[in-house]
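A.B. asks: My questions all concern the structure below.
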Amino acid sequence: MNKGLNILVIEDMAEFRVIINTMLKELAPDIRIEEAIDESSAIELIKVKKFDCVFLDYLLADSTGYSALKRIREHQPNIPVIMVTAYDNTTITQGFAPKLVEIRT
Numbered sequence: 000m001n002k003g004l005n006i007l008v009i010e011d012m013a014e015f016r017v018i019i020n021t022m023l024k025e026l027a028p029d030i031r032i033e034e035a036i037d038e039s040s041a042i043e044l045i046k047v048k049k050f051d052c053v054f055l056d057y058l059l060a061d062s063t064g065y066s067a068l069k070r071i072r073e074h075q076p077n078i079p080v081i082m083v084t085a086y087d088n089t090t091i092t093q094g095f096a097p098k099l100v101e102i103r104t
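Next up, the structure:
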């Protein structure tokens with residue numbers, strides 16, 4: 000990662016925010032990380048700050064990551080978003096796999 004990147008981590012569970020932040024800081028100590036615990040607070044940040052990348056939890060307290068992704072795209076359409084989840088359930092991926100295929104074809 001490059002120096003000076005602004006990263007937004009959207010994760011409702013504190014322990015997972017710590018893990019993500021620790022990993023990012025190890026990769027690039029100079030990055031700036033903002034945190035949001037739900038979709039509402041994330042969108043407020045997205046409205047006023049420009050981010051270079053977003054780490055977005057798939058299941059948030061107030062919404063799904065898919066819902067949050069749609070709203071993020073309304074404000075910063077070109078921002079890279081990395082979806083993360085602690086769940087290993089394949090049903091989660093079923094909503095995304097067809098869309099990935101559609102985008103690539």
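First residue of the sequence shown: 0, per numbering that gives the first Met the number 0; consecutive thereafter. Note that CB positions come from ideal geometry on N, CA and C, so glycine has one too. Predicted, not measured: the structure shown is a model, and the values here were computed from it.
So V53 and E34 are in contact, right, with Cβ under 8 Å, and what is the actual spacing, rounded?
C.D. replies: Contact doesn't hold; Cβ gap of about 11 Å is too wide.
A.B. asks: Using 9 Å as the threshold, is the C-beta distance between R31 and I6 below it?
C.D. replies: Against a cut-off of 9 Å, the Cβ pair of I6 and R31 comes out as a contact.
A.B. asks: Closest by CA to T63, which one among V83, I18, R16?
C.D. replies: Answer by Cα proximity: V83.
A.B. asks: Please state whether the Cβ-Cβ distance between I42 and A67 is less than 9 Å.
C.D. replies: Yes; because the gap between Cβ atoms is below 9 Å, this pair is in contact.
A.B. asks: Provide the residue(s) that pair with D56 in DSSP beta bridges, ordered along the chain.
C.D. replies: Answer is V83, bridged to D56.
A.B. asks: Among A60, N20, P28, which has the Cα closest to the Cα of G3?
C.D. replies: Checked all of A60, N20, P28; the closest Cα to G3 is P28.
A.B. asks: So the alpha helix (DSSP H) I110 belongs to, where does it begin and stop?
C.D. replies: In the structure as shown, the chain starts at 0 and stops at 104, and residue 110 therefore has no counterpart that could be examined.
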